[in-house]
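To start, the structure itself, in structure tokens.
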Amino acid sequence: MLVKVRIGFGLGTLGAGTDAGTYAAIVDALEGLRFDSLWVSERATGPTLDPMVALAVAAGRTTRLKIGTSVQVLPGRNPVLLAKEWASLDVLSGGRALPAFGLGVVDPVEQQAFGVTREERSARFDEELTLLRRFWAEDTVDHTGRFHTYSGVGIGVHPLKRHLDVWLGGRSPGELRRVGRVADGWLPSFTTPDEVAEGREIVRAAAADAGREMDDEHWGVLVAYATDTIPDAVAKIVAARLPGVDPARVVPVGHEALRRLLEDYVAVGFSKLVPVPFGATVADWDAELTALAAATLDLQT
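For the sequence shown, the numbering used here begins at 3 and goes up steadily by one.
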């Protein structure tokens, strides 16, 4: 089966585009250059914009750019209010919302912000994702669970198709099995093409065990790239996740190296590709995104 290759753009977690003028310039350039999508990462205690607010602004400035999170923390949120936010964003953007959720980064400061212990994150995630889907599809929900109880609760506004495709991040075996059990798509980061190809088989097996099948169009990857040199903070992430792997194999330096890595992901069947820049502060976002588009957008099919 031929799949549609699409190139998005992610803001990452190191503070890119956090002032009004810069963010607006990025959004407008992505729309004008015809990138497929914008993905905003979440760090409640870090130098990033709140993803729902940022995506709402992007939706108001554009007419075709898809808008997603990469990824948004789910455990610790009120599922009624979160379901309403995503339904509202989908309606007001004309059906362009792409929610992607995760358990949250393993960081004591960040975990304090959500008030959820590491031990209960997985159980909360599973219950809350089920609730999100029910609130989007059903007029009212009755539910008695470990963490939430509802009787006759609805959100009043539903996504245009009464559902949203939910993408999940993650790369550990447990996270991969969860993707197979409950997700509509997989969007990992800091992974090699060989690793995502291996991970996909774990996802597919878990999906088959759950009586599900993953859409061939729903395999994506966040691809960090360096605009000049790989920052120490990013190199440390690679070293922790992929011991012994050259950081440049996962975080290419420059647009040409990025292009080659994107081709490698396409070759193993991953078609939703989201470059995320890391490195020195970008002085001219229009020039950066124009160069990125020239290097990558002809991969779109």
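Just so it is clear, CB atoms sit at the ideal spot from N, CA and C, and this is done for glycine as well.
Quick check: what's the CA-CA separation for T24 versus W287? Distance between the alpha carbons of T24 and W287 is about 8 Å.
When DSSP labels each residue in this structure, what does Q74 get in the three-state scheme? Assignment of Q74 by DSSP, reduced to helix, strand and coil, places it in the strand class.
Residue range of the beta strand (DSSP E) that K274 falls in? Counting along the chain, the beta strand (DSSP E) containing K274 begins and ends at K274 to F280.
By DSSP, does A46 sit in helix, in strand, or in coil? Coil.
Cβ contact check for the stretch 90–99 and the stretch 68–81: 3 or more pairs under 8 Å: The stretch 90–99 vs the stretch 68–81: in contact.
R79 in three-state terms, based on DSSP: In this structure, DSSP gives R79 a state outside helix and strand, which the three-state scheme calls coil.
For A102, name the three-state secondary structure that DSSP assigns. DSSP places A102 in strand when its eight states are reduced to three.
For G14 and T142, what's the separation of their Cα atoms in angstroms? Rounded to whole angstroms, the gap between the alpha carbons of G14 and T142 is 36 Å.
Assess contact between the stretch 269–280 and the stretch 224–241, defined as three or more Cβ pairs (one per stretch) separated by less than 8 Å. Is contact present? Look at the beta carbons and you see the stretch 269–280 touching the stretch 224–241: at least three pairs across the two are nearer than 8 Å.
For Q74, does the count of other Cβ atoms within 10 angstroms reach 16, so buried, or fall short, so exposed? Buried: at least 16 other Cβ atoms inside 10 Å.
Boundaries of the beta strand (DSSP E) in which L1 is found, first to last residue: The structure shown does not extend to residue 1, since the chain is modelled only from 3 to 303, so the question has no answer here.
In the DSSP assignment, find the alpha helix (DSSP H) that holds L4 and state where it starts and stops. For L4, no alpha helix (DSSP H) run applies, since DSSP gives it neither H nor E.
From S174, F272 and V252, residue whose alpha carbon lies closest to that of K6: The option with the nearest alpha carbon to K6 is F272.
Runs of beta strand (DSSP E) wholly within the stretch 203–276 (minimum 3 residues, chain order): Entirely contained in the stretch 203–276, the beta strand (DSSP E) runs reaching 3 residues are, in chain order, 222–228.
Give a yes or no on contact between the stretch 164–172 and the stretch 187–198, applying the rule of three or more CB pairs nearer than 8 Å. Contact between the stretch 164–172 and the stretch 187–198 is present, because at least three Cβ pairs lie under 8 Å.
Are R243 and A297 close, meaning C-beta to C-beta below 8 Å? No; because the gap between Cβ atoms is not below 8 Å, this pair is not in contact.
For S90, does the three-state DSSP call read helix, strand or coil? S90: helix per DSSP, three-state reduction.
Cβ distance (whole Å) where F149 is taken to contact L131 below 8 Å: Actually they are not in contact, since the Cβ atoms of F149 and L131 sit about 12 Å apart, beyond 8 Å.
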